[in-house]
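Comments concern the structure below.
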DNA sequence: CCAATAGTGTCTATCAGACAGTATCGA
DNA sequence: TCGATACTGTCTGATAGACACTATTGG
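Protein chains in written order, with our numbering: chain B, 184 to 421; chain F, 184 to 421.
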């Protein structure tokens with residue numbers, strides 16, 4: 184490598200892109216419709232520049248708040264983690280941009296807010312987004328995010344971040360089935376969740392879902408942690 | 184976010200830092216001794232600028248080859264993956280630098296090569312490196328790398344990337360014990376490894392270790408993959 | 001009533017942990 | 001011979017998968 188002269192470095196733009204996932208009937212992702220070239224009219228992930236005086240993590244939090252319109256209070260329920268950095272030379276046709284992608288799991292689905300370079304922002308089923316021609320390398324980023332989310336549901340209690348502020352075990356199971364695309368046995372799922380320390384905490388309420396049926400115990404997220412051994416799906420991972 | 188004008192972006196320097204791990208008697212990491220300020224005289228992780236015409240991934244591969252002195256042929260046995268991006272505002276006192284940290288698992292321990300901003304390069308036990316005052320935020324990066332390596336040994340067959348070009352099951356077990364800092368039952372370890380498809384392939388040879396004992400079957404890495412369910416340690420993860 | 005959901009119980013195959021016992025090397 | 005390693009076998013407790021059964025809601 185060349186001598187480390189702080190004034191003669193190759194200049195890059197650094198951005199954050201955020202994959203915000205929620206589960207309603209299906210697994211959905213927040214996308215914006217780009218209003219400017221390149222990729223004007225295409226869907227893209229929300230994101231933006233890291234500012235000179237903020238950390239990469241802070242930029243991700245700021246962008247998440249801006250695009251979802253969530254207030255600081257509600258934002259605490261959203262799980263946000265770094266996903267990976269995408270730095271192909273030609274990933275942006277205009278200039279050299281390195282993007283630090285993040286994964287956000289939201290228990291709620293707020294009305295999104297379009298940024299300045301976006302015409303609109305909306306929630307889209309993940310299947311639909313993956314089938315559409317996304318801008319830049321955002322297909323790759325979204326795909327990595329869904330893989331990561333699915334893997335994390337296996338060995339962490341993060342599913343509670345997608346199940347709403349509170350939820351029944353049936354709703355929590357629906358989160359797993361939506362992310363994994365695979366049905367689970369109700370009895371075994373219940374046994375595993377209730378046996379895992381820090382997964383869920385009963386609120387004392389009971390609630391009946393939209394489609395009737397017996398009222399179920401309502402839970403809220405526990406202290407969190409890992410499942411050891413994991414709760415596993417059939418298909419191969421990695 | 185501001186309007187996306189490609190000519191008015193906040194300029195960043197983007198670097199790659201690499202945590203190269205091997206197992207000999209202990210888990211060891213490749214460090215350099217910095218020759219220039221800041222942190223002149225301190226140990227640091229090898230790394231350098233991402234060049235304007237190379238991807239972040241390519242920069243990591245280049246730096247790995249430069250610092251380890253490994254030829255292209257030998258380099259294929261080294262596992263290299265992105266670890267995470269570190270982008271605190273003041274992580275480099277001179278300027279705004281965002282670093283994409285990588286994790287490399289090497290089956291061999293070549294004589295390292297010092298870069299231009301380094302006085303020396305050497306292998307150091309990880310415990311020792313974590314106890315020393317590393318430059319920049321490299322303590323945080325190294326710590327994250329060891330955590331990642333330990334976690335990956337649980338559910339992947341990556342330990343073969345640390346066990347040498349070929350190895351006995353005793354040597355492979357020593358990799359696990361070195362990374363996890365925890366003894367394992369020989370019989371149960373053997374059963375799990377041999378039952379996992381694509382983990383190891385017998386070469387037909389037998390070999391006696393340095394300290395005598397019966398000669399063991401020699402294996403080489405298999406096609407790789409995941410362990411399902413994982414091979415697990417005692418302590419809590421995440 | 002029926003469809004849909006919630007909750008409990010049970011059987012079984014599998015597997016990890018623990019550990020005993022034998023065999024083969026170098027010194 | 002002894003220390004160290006390699007390898008095999010066995011018992012047991014825990015648990016995931018499969019599935020049956022009952023109970024409670026809305027329509």
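Glycine residues also receive a C-beta, built at the ideal position from the N, C-alpha and C atoms.
Bear in mind the structure is a predicted one, so any value in this text is a computation, not a measurement.
Straight-line gap, residue i to residue j (C-alpha atoms, nearest Å)
i, j, result
"residue 296(B)", "residue 303(B)", "8 Å"
"residue 318(F)", "residue 195(F)", "20 Å"
"residue 403(F)", "residue 386(B)", "53 Å"
"residue 392(B)", "residue 309(B)", "24 Å"
"residue 306(F)", "residue 322(F)", "16 Å"
"residue 347(F)", "residue 200(B)", "39 Å"
"residue 193(F)", "residue 237(B)", "11 Å"
"residue 228(B)", "residue 384(F)", "43 Å"
"residue 203(B)", "residue 274(B)", "21 Å"
"residue 157(F)", "residue 388(F)", "Here chain F covers residues 184 to 421 and nothing more, so residue 157(F) does not appear."
"residue 327(F)", "residue 370(F)", "31 Å"
"residue 357(B)", "residue 231(F)", "46 Å"
"residue 184(F)", "residue 332(B)", "Its pLDDT being 42, under 50, residue 184(F) is placed unreliably in this model, and the coordinates cannot settle the point."
"residue 239(B)", "residue 355(F)", "38 Å"
"residue 373(B)", "residue 223(B)", "46 Å"
"residue 215(F)", "residue 235(F)", "24 Å"
"residue 366(B)", "residue 219(B)", "41 Å"
"residue 283(B)", "residue 242(F)", "16 Å"
"residue 272(B)", "residue 314(B)", "24 Å"
"residue 259(F)", "residue 260(B)", "43 Å"
"residue 417(B)", "residue 364(B)", "10 Å"
"residue 342(F)", "residue 362(F)", "9 Å"
"residue 320(B)", "residue 368(B)", "37 Å"
"residue 257(B)", "residue 397(B)", "30 Å"
Residue i - partner residues in DSSP beta bridges
i, result
"residue 430(F)", "Nothing in the structure corresponds to residue 430(F), since chain F is present only between 184 and 421."
"residue 196(F)", "280(F)"
"residue 268(B)", "283(B)"
"residue 374(F)", "DSSP, once it has assigned bridges, lists no residue as partnering residue 374(F)."
"residue 306(B)", "213(B)"
"residue 226(B)", "216(B)"
"residue 232(B)", "198(B)"
"residue 181(B)", "An answer regarding residue 181(B) cannot be provided, because it is not within the stretch 184 to 421 covered by chain B."
"residue 343(B)", "Note: residue 343(B) sits in no beta bridge, so no partner."
"residue 301(F)", "217(F)"
"residue 351(B)", "401(B)"
"residue 384(F)", "403(F)"
"residue 205(B)", "211(B)"
"residue 239(B)", "In DSSP, residue 239(B) forms no bridge with anything."
Option nearest residue i by Cα separation, candidates the options
i, options, result
"residue 395(F)", "405(F), 376(F) and 353(F)", "353(F)"
"residue 329(F)", "266(F), 376(F) and 291(F)", "266(F)"
"residue 290(F)", "271(F), 332(F), 344(F) and 282(F)", "344(F)"
"residue 312(F)", "325(F), 220(F) and 358(F)", "325(F)"
"residue 191(F)", "247(B), 279(B) and 415(B)", "279(B)"
"residue 226(B)", "197(B), 300(B), 342(B) and 365(B)", "300(B)"
"residue 217(F)", "316(F), 205(F) and 259(F)", "316(F)"
"residue 413(F)", "363(F), 375(F) and 206(F)", "375(F)"
"residue 205(B)", "417(B), 397(B) and 360(B)", "360(B)"
"residue 349(F)", "258(F), 390(F) and 221(F)", "390(F)"
"residue 277(F)", "221(F), 362(F) and 342(F)", "221(F)"
Pair within 8 Å by beta-carbon distance, residue i and residue j
i, j, result
"residue 431(B)", "residue 281(B)", "Residue 431(B) lies beyond the range of chain B shown here (184 to 421); nothing can be said about it."
"residue 233(F)", "residue 268(F)", "no"
"residue 408(B)", "residue 351(B)", "no"
"residue 411(F)", "residue 410(B)", "no"
"residue 244(F)", "residue 263(F)", "yes"
- Query: Counting Cβ pairs, one atom from each stretch, are 3 or more of them under 8 Å apart for the segment 320-338 of chain F and the segment 374-394 of chain F?
  - Reply: The segment 320-338 of chain F, when compared against the segment 374-394 of chain F, does not touch it at the 8 Å Cβ threshold.
- Looking at C-beta atoms only, is the number of pairs between the segment 404-418 of chain B and the segment 209-218 of chain F that lie closer than 8 Å three or more? No, they do not touch.
- Message: Check whether the segment 276-291 of chain B and the segment 243-251 of chain B touch, using three or more Cβ-Cβ pairs below 8 Å as the test.
- Response: These segments touch.
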